[in-house]
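Residue numbers (our numbering), protein chains in the order written: chain U, 1 to 295; chain W, 1 to 243; chain B, 1 to 229.
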Amino acid sequence: MNVIDCQKVNKGYRRTNALEDITFQLTDQKITGLIGRNGAGKTTLLKILAGLTKHKSGEVNVFGKNPYNNLLVSANSILVDDQMTFPDSLTLEEILRSAPAFYKKWDTQLAVRLFQYFKLDSKQQHSKLSKGSRATFNMIFGLSTHCELTMFDEPTNGMDEAVRTDFYRALLKDYIAHPRSILISSHHLSEIEHLLEDILLIHKGKVVLHADLDEVKEYAVAIQGPVADVEKWTAGEEVLHSKRVDEQKQYAVFKKNSKLERARLEGANIQMLTASEVCMYMTSESKGGIDDVFK
Amino acid sequence: MMFLSNISLTSVVLSQVKFKLSAYSGLIYSLIILQVLGILFATGWSSSGTSINNISINLNISSIDSGFIFVSLLAISVGNLITTRAYRYDDFSFVATRLSSNIANCIVLLIFSCYAGVTTYFTVYLMRIFLTFNSTNEFVEGPTILDDPMNSLLTILAMIIFLWMFSSLGYIAGTLFQNHKLLFFGALVIIIMLLLTGTWIRISEIIFVENSSLLILVAKTFGIAILIFATSTAISNRLGVRV
Amino acid sequence: MSNTWMIFFIGLIPVVIGILIVLYITKKVKYKGSLRLNKIVIMIYFSLLIGVGIVYEIIPKEPIVEQLSEEQLQQLQTENEVFEEKLLKQEENKLSQKFLKEEWTHELSGNTLTLGYIGNDSYSTKVVVEWIDSTAQKIEGKVYRSHINLYGLKIEDKIPLHVAEWTGNELVIHEPVEQEFTFEQFSNELNVFQQTDTMEIRMVRGFTYIHLKVPKHIEIVDPLGLQMY
Numbered sequence: 001m002n003v004i005d006c007q008k009v010n011k012g013y014r015r016t017n018a019l020e021d022i023t024f025q026l027t028d029q030k031i032t033g034l035i036g037r038n039g040a041g042k043t044t045l046l047k048i049l050a051g052l053t054k055h056k057s058g059e060v061n062v063f064g065k066n067p068y069n070n071l072l073v074s075a076n077s078i079l080v081d082d083q084m085t086f087p088d089s090l091t092l093e094e095i096l097r098s099a100p101a102f103y104k105k106w107d108t109q110l111a112v113r114l115f116q117y118f119k120l121d122s123k124q125q126h127s128k129l130s131k132g133s134r135a136t137f138n139m140i141f142g143l144s145t146h147c148e149l150t151m152f153d154e155p156t157n158g159m160d161e162a163v164r165t166d167f168y169r170a171l172l173k174d175y176i177a178h179p180r181s182i183l184i185s186s187h188h189l190s191e192i193e194h195l196l197e198d199i200l201l202i203h204k205g206k207v208v209l210h211a212d213l214d215e216v217k218e219y220a221v222a223i224q225g226p227v228a229d230v231e232k233w234t235a236g237e238e239v240l241h242s243k244r245v246d247e248q249k250q251y252a253v254f255k256k257n258s259k260l261e262r263a264r265l266e267g268a269n270i271q272m273l274t275a276s277e278v279c280m281y282m283t284s285e286s287k288g289g290i291d292d293v294f295k
Numbered sequence: 001m002m003f004l005s006n007i008s009l010t011s012v013v014l015s016q017v018k019f020k021l022s023a024y025s026g027l028i029y030s031l032i033i034l035q036v037l038g039i040l041f042a043t044g045w046s047s048s049g050t051s052i053n054n055i056s057i058n059l060n061i062s063s064i065d066s067g068f069i070f071v072s073l074l075a076i077s078v079g080n081l082i083t084t085r086a087y088r089y090d091d092f093s094f095v096a097t098r099l100s101s102n103i104a105n106c107i108v109l110l111i112f113s114c115y116a117g118v119t120t121y122f123t124v125y126l127m128r129i130f131l132t133f134n135s136t137n138e139f140v141e142g143p144t145i146l147d148d149p150m151n152s153l154l155t156i157l158a159m160i161i162f163l164w165m166f167s168s169l170g171y172i173a174g175t176l177f178q179n180h181k182l183l184f185f186g187a188l189v190i191i192i193m194l195l196l197t198g199t200w201i202r203i204s205e206i207i208f209v210e211n212s213s214l215l216i217l218v219a220k221t222f223g224i225a226i227l228i229f230a231t232s233t234a235i236s237n238r239l240g241v242r243v
Numbered sequence: 001m002s003n004t005w006m007i008f009f010i011g012l013i014p015v016v017i018g019i020l021i022v023l024y025i026t027k028k029v030k031y032k033g034s035l036r037l038n039k040i041v042i043m044i045y046f047s048l049l050i051g052v053g054i055v056y057e058i059i060p061k062e063p064i065v066e067q068l069s070e071e072q073l074q075q076l077q078t079e080n081e082v083f084e085e086k087l088l089k090q091e092e093n094k095l096s097q098k099f100l101k102e103e104w105t106h107e108l109s110g111n112t113l114t115l116g117y118i119g120n121d122s123y124s125t126k127v128v129v130e131w132i133d134s135t136a137q138k139i140e141g142k143v144y145r146s147h148i149n150l151y152g153l154k155i156e157d158k159i160p161l162h163v164a165e166w167t168g169n170e171l172v173i174h175e176p177v178e179q180e181f182t183f184e185q186f187s188n189e190l191n192v193f194q195q196t197d198t199m200e201i202r203m204v205r206g207f208t209y210i211h212l213k214v215p216k217h218i219e220i221v222d223p224l225g226l227q228m229y
């Protein structure tokens, strides 16, 4: 069953288009990574899915309902981001204690244990927390809701290395114990790659790729060889990225296809790419790289 | 297999009300400060003096009016305060829709108005006790609750409903301001224009002045408050969160 | 139109300033103390006020000034009017005896009687002269005072009488010595809700009447116009 079903979703702020014809489906009980560069529209998409903002056109369905102003969606989904606020008049402990009234599947034990593990101060106010602690608290809150659709928007912003690792581990363990749909947005795919089953890659407000992790890895390859050869091999192909390695050699990234075998036979140096690299090349602005700036 | 938690609007609203009552409990200090201010201004709020046969007679009447006016200002402020961004966003960290949020706010403001109305009514007794022990002047017998319990209850009820109506004014102003600054100033201009024309004065006279009893006034005020809250809800329906 | 503007803005300024001050206070003191403390304060404050109300209702209070009702005031007013009417018609036997404060006779030495008044408000005293057929020099006088009531307060006893004093042939009326009384009253009503001012009579103005029975041959000198016809 589809947890999320988006058809041609558009959203604009003033003159810029934040989302353009976003179409994808998300089936349940998967951890999906929402990957994109800064400003790709990840946050906007998540806010629409959580019913916080309204999309301009197209159709958004979460649990078969339009999430905007829908109680069922609100009760079964949560968006954890660094803009989450809680009243200053309540301590962290009181916030956690008032949550079960709203979230029927709230896991008090998990919340308490994580809270103790991360050594948060139960008498502290949410806004007085440091950036990292606030992110940790939000994460604890989000995980403990056990919402059928749990969304994290850049959850590890501000967390230190150790907490990040712990967070991913906690997420995975809790997911295995209570399978549900989890959507994590990040611009560091490499950091969350080991968690993900699916990747939803968006760029400039458009879905570029929606596939499972292995497919993404297979999607493109890098090839290195003499300049002329590389140009021959990639002729007519969709070259995602190319650069001069030195005087004679050229490096190119392109979509995997049948020509590849021939290239291999002709002595091309073919390199497999990581999912992270594929995503990076697919969303790069130009064929060149940062090196071109310094030419 | 998904197991969606089904949750009714009523239960969400109730949870939100309970949560907001705790979250906004700090407002008690503002209320106390304003009620104390009210008491300070109340002594001799209405003072009249006449001279007859070379004897000056002064009568100082201490009433709830000053306290009520101060608390009314608080009601407007609080109504406005809870429409501000921070307060609105807090709702959406939990389960909420704009409708449930607005209903919960409306109920919370009513509960606050009840508390404020009853306490304001009794601040006059704080003043009575204080003056009884501190003033050298003679006291005129005044009405007590026991003399006319129905009237006292009606006064309390009237205060509650009026405070609620004032909070709704703050609420709609805040909602308009959050939603559309332009719309807010537009509404302000329209209201000022209406106020300046005779018909508006006539309308408000019909509503607030020409009533055969306080109860009718209270009922009208209640209706107006409901109308204002409903309008605010309609306006805020397209308000985004965490943008 | 410009006048309406003026009134409107002048009326609006204190409201706006008030709201701004209150908003400031609210923001300043917003979150002090923990939820637990707040809850305790809310409970204590509430019970304190209710408690104060109950305590006030049961503690014995000093003798307090009674307040008359609208009807009672109306009645006093009517009594005053009837009295004056009857006095002017010189129907002495019909005069309410509760207004009679003093009675005296005086032997004049000449044929003139001068009326004098010491004080600020000579209108508070009215002299009614009844001519009698007599050749004697004796003048009979009666001093009356009708009901005085201010704001419905029952304080008639506290307001001293005018004193009429003879110095030779002059009847001098002395106003009482200046005095000030302040009364405190509490109201449980909200005046802002008062639909109409229910108290139509705020004051029952009482007068001092001096009823003189004067032989016809005596001439009355009345520079202040105290005499009433």
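Glycine included, each C-beta is placed from N, C-alpha and C at the ideal position.
The structure displayed is predicted, hence computed values, not measured ones.
Query	Result
Three-state class that DSSP yields for G51 (chain B) in the structure shown	helix
Interface partners of P60 (chain B) on chain W, CB under 9 Å	Simply none; closest approach about 10 Å.
Beta-carbon neighbours of M84 (chain U), restricted to chain W and to distances below 7 Å	S93
Under 8 Å by beta carbon: chain W residues contacting I210 (chain B)	Chain W residues near I210 (chain B): none, gap ~14 Å exceeds 8 Å.
Residue-level contact to chain U via CB, L9 (chain W), 9 Å cutoff	yes
Within chain B, the residues that F229 (chain W) reaches when beta carbons sit closer than 9 Å	In chain order: nothing, as chain B lies at least about 19 Å away.
Given I202 (chain U) as reference, the closest of U:D174, U:G33, U:P100, U:V230 once Cα atoms are compared	U:G33
Residue-chain proximity (K18 (chain W), chain U), Cβ-Cβ < 9 Å	yes
Alpha-carbon to alpha-carbon, L226 (chain B) and K101 (chain B)	19 Å
In DSSP terms, what S186 (chain U) is bridged to	U:I35
Neighbour flag for L35 (chain B) against chain U, beta carbons, 9 Å	yes
As assigned by DSSP and simplified to three states, the class of L76 (chain B)	helix
DSSP-derived helix/strand/coil call for V13 (chain W)	helix
Closest by C-alpha distance to K138 (chain B), when choosing among B:H147, B:L113, B:H162	B:L113
Expected contact under 8 Å - CB spacing of I172 (chain W) and S232 (chain W) to nearest Å	5 Å
Cross-chain neighbours of V124 (chain W) in chain B, by beta carbon under 7 Å	F186, N188
Integer Cβ distance of I228 (chain W) from L182 (chain W), believed to fall under 8 Å	Actually they do not touch by this definition, with Cβ atoms about 20 Å apart.
Residue from U:K56, U:L273, U:T234, U:T43 whose Cα sits closest to the Cα of Q83 (chain U)	U:T43
Residues of the segment 67–98 of chain W with Cβ closer than 7 Å to any Cβ of chain U, in chain order	A86, Y89, D90, F92, S93, F94, V95, A96, T97, R98
Through-space distance from V55 (chain B) to T145 (chain U), alpha-carbon basis	50 Å
Cβ contact check for the segment 172–182 of chain B and the segment 46–58 of chain W: 3 or more pairs under 8 Å	yes
The segment 71–91 of chain U contacting the segment 92–105 of chain W, beta-carbon criterion three pairs below 8 Å	yes
C-beta contact flag for M159 (chain W) and L37 (chain B) at 9 Å	no
Integer-rounded CB distance, given that K47 (chain U) should sit under 8 Å from T23 (chain U)	Not a contact, Cβ separation roughly 18 Å.
Residue-level contact to chain W via CB, G116 (chain B), 9 Å cutoff	no
Cβ separation of S30 (chain W) and I42 (chain B), assumed to be a contact under 8 Å, to the nearest whole Å	Their Cβ separation, rounded to whole angstroms, is 12 Å, which puts S30 (chain W) and I42 (chain B) out of contact at 8 Å.
Cβ neighbour criterion (16 or more within 10 Å) applied to A234 (chain W)	exposed
Buried versus exposed, by CB contacts within 10 Å (16 or more), L9 (chain W)	exposed
Length of the line joining the Cα atoms of A177 (chain U) and N105 (chain W)	37 Å
Cutoff 9 Å: P215 (chain B) Cβ touching any chain W Cβ	no
Whole-angstrom distance between S186 (chain U) and K11 (chain U), CA atom to CA atom	20 Å
Inside the segment 127–188 of chain U only - alpha helix (DSSP H) runs reaching at least 4 residues	131–144, 161–177
9 Å Cβ cutoff, Y171 (chain W) in contact with chain U	no
Any non-hydrogen atom of the ligand NAP closer than 8 Å to L52 (chain U) Cβ	You won't find the ligand NAP in this model; it holds no ligand whatsoever.
Reference M1 (chain U); option with closest CA among U:E148, U:S190, U:Y13, U:E215	U:E148
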